[in-house]
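A short worksheet on the structure shown next.
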Amino acid sequence: MIVNTNPHLKHSPRSEFIAGVRAILPILLGVAPFGMIYGVLAIGAGLNVGAAMSMSPIVFAGSAQFVGVQLIHSGVPGMVIVFTTFIVNLRHILYSASIAPHLARLSRRWKWLLAYLLTDEAYAVTITHYNQAAASTVESAHKHWYLLGAGLTMWSTWQVSTAAGIFLGAQVPSSWSLDFAIALTFIALVVPALRDRPSITAAISAGVIAVIAADLPYKLGLIVAAIGGIAIGLWVKARQASNTNHNQRADNQ
Amino acid sequence: MNVWFILICMGLVTYAIRLSMILLLERVDLPPIIQWALYLVPPAVLSAIVFPELLMPSGMLYLSFGNVRLLAGVLAAVVAWRTKNVLLTIVVGMVALWVLQMVMP
Chain A
1 MIVNTNPHLK
11 HSPRSEFIAG
21 VRAILPILLG
31 VAPFGMIYGV
41 LAIGAGLNVG
51 AAMSMSPIVF
61 AGSAQFVGVQ
71 LIHSGVPGMV
81 IVFTTFIVNL
91 RHILYSASIA
101 PHLARLSRRW
111 KWLLAYLLTD
121 EAYAVTITHY
131 NQAAASTVES
141 AHKHWYLLGA
151 GLTMWSTWQV
161 STAAGIFLGA
171 QVPSSWSLDF
181 AIALTFIALV
191 VPALRDRPSI
201 TAAISAGVIA
211 VIAADLPYKL
221 GLIVAAIGGI
231 AIGLWVKARQ
241 ASNTNHNQRA
251 DNQ
Chain B
1001 MNVWFILICM
1011 GLVTYAIRLS
1021 MILLLERVDL
1031 PPIIQWALYL
1041 VPPAVLSAIV
1051 FPELLMPSGM
1061 LYLSFGNVRL
1071 LAGVLAAVVA
1081 WRTKNVLLTI
1091 VVGMVALWVL
1101 QMVMP
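In structure tokens, the structure reads:
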């Protein structure tokens, strides 16, 4: 009666892989220039070509790499850099947690590989696809190939664009003050993300604390400022929530 | 600490975070306060780096129209706010810095 409902015919590893590659392609238009900027800046910040190049496969996280390069440039101690990397990448806990149920039945080897490829971009396209697929059709037994396709495409683009940037960066004279472009990149990333009062308060208070605490030993001011900013932002959020509750209660009476 | 050692530790930390929940849990809902804290991480960390970079270019607080990095940074922030364009923000900020460095004695 019903012909060919076997999902394995429609969703082969190959077709899932290609679908993942296709889904991430448009995002790469934004990733490639970012990778090149990283490469240029890493050289401008004084990293040698080998270290700048290796950072992309070893760390493979855009914002953490930018922050790392900036901190190495300003002579921040290694422990503080590693801890800051931890804070910057903490958001990946969310990705890891939300993708985990989809990968639960895979072998350890697959989990270890896919975790390495779990960037912001690969996560975003994959989880969107999984949520849509869960709503519409039979779940594919090969859906992890989708994440592999998206992740490997992202990986290759990052490595190639980084290398191109490093090559360019080596041609740029230091009188161009290119180190300033890292701060500009952060401004470009932060300002549009300030959409509500908690994040605006967190950003401003972290910045102010960083200036006040700039003389702390081992550049610990950075970490104090980050944690302080987050705490103050959370406090604003909690006050907003309790105000809403209060108003609702008043309305009900 | 050696640069290579820093790189490897950064890589291990990043990988451990990405792997953590995939290995530990099959289904998890993080409490809202943790989700909010994670949401606030980028604005807090990036501002904590940018503010001193703009306000203390040589290690001391320098609030003045002679502070070219502060002027260029504020202009870049306006561009970022109006356009949300990363590349344009960087280009405008760098050009502003170069022009100001030429104009200011």
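As they're listed, the protein sequences go chains A and B.
Heads up: the first sequence begins at 1 in my numbering, then just goes up one per residue.
Heads up: the second sequence begins at 1001 in my numbering, then just goes up one per residue.
We put the beta carbon where it would ideally sit given N, CA and C, even for glycine.
- Query: For the alpha helix (DSSP H) that contains A/H142, what are its first and last residues?
  - Reply: Looking at the DSSP string, A/H142 is not in any alpha helix (DSSP H), and its letter there is neither H nor E.
- Message: Quick check: what's the CA-CA separation for A/P173 versus A/V80?
- Response: Answer to the nearest angstrom: the Cα atoms are 29 Å apart.
- Classify A/A104 as buried or exposed, calling it buried when 16 or more other Cβ atoms lie within 10 Å of its own Cβ. exposed
- Cβ-based burial, A/M53 [other Cβ within 10 Å; buried from 16]: buried
- Query: How many angstroms separate the CA atom of B/M1102 from the CA atom of A/L234?
  - Reply: 43 Å
- Item | Min CB distance B/P1052 to chain A below 8 Å | Yes, contact with chain A.
- Item | C-alpha distance - A/S177 paired with A/V88, whole-angstrom precision | Inter-residue distance for A/S177 and A/V88 is about 25 Å (C-alpha atoms, whole angstroms).
- Message: Buried or exposed, going by whether 16 or more other CB atoms sit within 10 Å of the CB of A/A254?
- Response: Outside the shown range of chain A, which is 1 to 253, sits residue 254 of chain A, and nothing can be said about it.
- Query: What three-state label does DSSP hand A/P77 in the structure shown?
  - Reply: Note: A/P77 maps to coil in three-state DSSP.
- Query: If you follow the alpha helix (DSSP H) that B/P1032 is part of, which residue opens it and which one closes it?
  - Reply: P1032 to L1055
- Task: Look at the alpha carbon of B/V1003 and the alpha carbon of A/N48, and state the distance between them as a whole number of angstroms.
- Result: 10 Å
- Within 8 Å, strictly: CB atoms of B/A1077 and A/A202: no
- Query: Quick one: what's got a C-beta closer than 6 Å to A/R197's C-beta in the same chain, skipping five residues either side?
  - Reply: V236
- Query: Hey, B/W1098 and A/P192: beta-carbon distance below 8 Å or not?
  - Reply: no
- Can you tell me the Cβ-Cβ gap for A/L106 and A/H142, rounded? I've got them flagged as a contact below 8 Å. That pair is no contact at about 11 Å.
- Query: When the distance is taken between beta carbons, is A/I27 closer than 8 Å to B/I1090?
  - Reply: It is not a contact, given that the beta carbons lie outside the stated cut-off.
- Rounded to a whole number of angstroms, what is the C-alpha to C-alpha distance between A/A241 and B/L1088? 37 Å
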